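Trainee:
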Amino acid sequence: MGILGGGQLGRMFGIAARRMGYSVHAFEPQPDSPAGQISDVEINAAYTDSVALESFARGVDVVSFEFENIPRSAIEVAERVRTVRPRGEVLHICQNREREKMFLRANGFPHAPFEVVDSAESLEAALQRRGTLSVLKTADFGYDGKGQIKLEGVVDGNAVWEKFGAPRGVLEQWIPFEAELSVVVARGVDGATVAFPPAENIHKNHILDLSIVPAQFSPGISEEAIRIACAIASALDVVGLLAVEFFLTREGKLMVNELAPRPHNSGHYTFDACVTSQFEQQLRAVCGLPLGSPDLLSPVVMWNLLGDLWKNGEPDWNVILSEPRARLHLYGKAEARPGRKMGHVCVLAETTDEALKIIGNLKKKLGYLD
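Residue 83 in numbering that gives the first Met the number 0 sits at position 84 of the sequence shown, and the numbers go up by one each step.
#1: Leaving out five residues on either side along the sequence, give the residues of the same chain with a beta carbon under 8 Å from the beta carbon of isoleucine 378.
#2: List the whole-angstrom C-beta distance separating leucine 126 from glycine 156, where the pair is believed to meet the contact cut-off of C-beta under 8 Å.
#3: Tell me, please, which residues DSSP counts as bridged to arginine 326.
#4: Kindly indicate the opening and closing residues of the beta strand (DSSP E) around arginine 186.
#5: Since valine 237 and proline 85 are thought to touch, with beta carbons under 8 Å apart, how far apart are those beta carbons, to the nearest angstrom?
#6: Please say whether aspartate 208 and proline 166 have beta carbons closer to each other than 8 Å?
#7: If we ignore side chains and look at the alpha-carbon of each, how far apart do tryptophan 302 and cysteine 345 end up?
#8: Leaving out the 5 sequence neighbours to the left and right, which residues in its chain are closer than 7 Å to tyrosine 367 when beta-carbon positions are compared?
#9: Would you tell me roughly how many angstroms separate the C-alpha atoms of threonine 275 and glutamine 215, rounded to the nearest one?
#10: If you draw a straight line from the alpha carbon of valine 23 to that of leucine 103, how long is it in whole angstroms?
#11: Could you tell me which of Pro314, Ala348 and Gly338 sits nearest to lysine 364, measuring between CA atoms?
#12: Which residue from Ile358, Pro323, His263 and Ala194 puts its Cα closest to that of glycine 6?
#13: Flag this pair as touching only if the region 316-333 and the region 341-359 have three or more C-beta atom pairs under 8 Å; answer yes or no.
#14: Measuring straight from C-alpha to C-alpha, what distance separates glutamate 53 and glycine 287?
#15: What number of angstroms, rounded off, separates the C-alpha of phenylalanine 176 from the C-alpha of glutamate 222?
#16: Closest to valine 50 by C-alpha separation, out of Val299, Gly35 and Ala73, would be which residue?
#17: Compute the Euclidean distance between the alpha carbons of valine 318 and leucine 355, then round it to the nearest angstrom.
#18: Are valine 59 and glycine 1 touching if we call contact CB-CB under 8 Å?
#19: Tell me whether threonine 93 sits in a helix, a strand or coil according to DSSP, three-state version.
#20: So, with DSSP's three-state summary, where would you put phenylalanine 278?
#21: How close, in whole Å, do the beta carbons of isoleucine 211 and threonine 351 come, if the pair is a contact with beta carbons under 8 Å?
#22: In this structure, what does DSSP give as the bridge partners for lysine 100?
#23: If I'm right that arginine 285 touches glycine 239 with Cβ under 8 Å, what's the distance once you round it to whole angstroms?
#24: Kindly indicate the opening and closing residues of the alpha helix (DSSP H) around leucine 132.
Below, the structure is given as C-alpha cells:
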C-alpha cells in the first residue's frame, strides 16, 4: 500500500493497513515523518521528483494520499504507473476553493453564495453586489482558517487586496450559522457508499478543538447531511474517502463549506468508537474490498491536542492515561508549535455530556485554558 504524504493521517492509515496485513510505503519530502515511522519503506524526495515518484509507485500495488496540497503533477506521475485512489481529478477539484465551489454550484449542492475575484477592481465590484459582510479566501492552499479575511463595515477594496497577497480568491457571503458539522463518507469501486455518523465540531481560532458524536442535532439534520455527503461523493466519482464540512444556518439549513478527499480530523473518533475506523475504510475502498460497518459503539468526544499544550514542556500524560475512558493518540512529531496538531484524545462515555465533562476536567488538570 502506497501513501503520498507523511503526516498523522498517513500514520493512522498505515496502522490500519498493517493491522490488516498490508505493508506500507510512504512518500514524504521530510525524513522521520509520522507516517514514515510506522511504514516498511519511507521515500524522502520532493513531490517534483518524477524519478523518485515513479520508483515509489512501482514498489506498491495501489496509491492513495493523506492530504490535498500535493501537486497534481505528482499524482499524474504516480497514475502513469499505478492506480491512484481517489483519482487525480478529485484532488484537483478539492485542493482549490474556486474549482470546489464551481463544482458545488454546477451540481446543485447547497453552498454560500460566492464570486471569484482576481484584482482589487473585481473585489470592489463583488463587494458592491454581495455586501461587505463576507469572507475573502485564497483559491489555493487554505486550511485551519489560513488564507481568509473576514470583511465587514466600511471596506477599502484596494487595501484588502494588497493585504490578501494572493493572485486569485473567492469572496463568500458571510453565513450566520448555529453550528458546524462534518460527515466522512467512503465510496467503493462498485459505487457503494457508507457514511459515518455526523460529528458536531467546535473550533477555536479556526482549528478544530472538539468533535462530538452523536451530533447534538435533530435526526433529520444528520440524515440530510449524510444524504448530501453521499451524493457529492458519487458526483465526484470518488473511490476512497470524502469528508464534507457543513454549516448549519440559523434557519436550520445545511450549507457545504469544504470538501477533503481523505481521512479527516473530525473523523478521528472512528478509530476508537466505531466498528470500522475511517482509516480502515479508506484502505478497504482503495483496495477494492467490501466496505466495513460505520456503526457507532459508544458516544464519544474527540479533543485535538495542539502544540500550545507543550508551552511548559512535555505534558504529563499520566493525567490522561489515568482516566479509564480516555484513549490517547500521539503522532510522533518532533517539534511542538502553537496550533500544530500533535495528537488527540477520545473519551468514550455513556453520554456525550459525560464525555465533555471528562475532557473539561482533563484540560483543567493539564493547565489548558479555553
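Glycine included, every Cβ here is placed at the ideal spot set by N, Cα and C. As the structure is a computational prediction, the values presented were derived from the model and not from experiment.
Mentor: In short:
#1: In the structure displayed, the chain extends from 0 to 369; residue 378 sits before or after that span and is not available.
#2: Sure, about 6 Å apart at Cβ, within 8 Å.
#3: Cys345
#4: Taken as a continuous stretch (DSSP letters only), the beta strand (DSSP E) holding arginine 186 covers 176-186.
#5: Their Cβ separation, rounded to whole angstroms, is 5 Å, which keeps valine 237 and proline 85 in contact under 8 Å.
#6: no
#7: Straight-line measurement puts the Cα of cysteine 345 at about 6 Å from the Cα of tryptophan 302.
#8: Within the same chain, tyrosine 367 has close Cβ partners Leu308.
#9: 22 Å
#10: 34 Å
#11: Pro314
#12: His263
#13: yes
#14: Distance from the CA atom of glutamate 53 to the CA atom of glycine 287, rounded to whole angstroms, is 22 Å.
#15: 19 Å
#16: Ala73
#17: 16 Å
#18: Yes, the pair counts as a contact, with Cβ atoms nearer than the cut-off.
#19: Here residue 93 turns out to be cysteine, not threonine, going by the sequence shown. Cysteine 93 falls in the helix class under three-state DSSP.
#20: helix
#21: 5 Å
#22: Bridge partners of lysine 100: none, in fact.
#23: Reading off the sequence, residue 285 comes out as valine, not arginine. 5 Å between Cβ atoms; contact.
#24: Run containing leucine 132: none; DSSP gives neither H nor E here.
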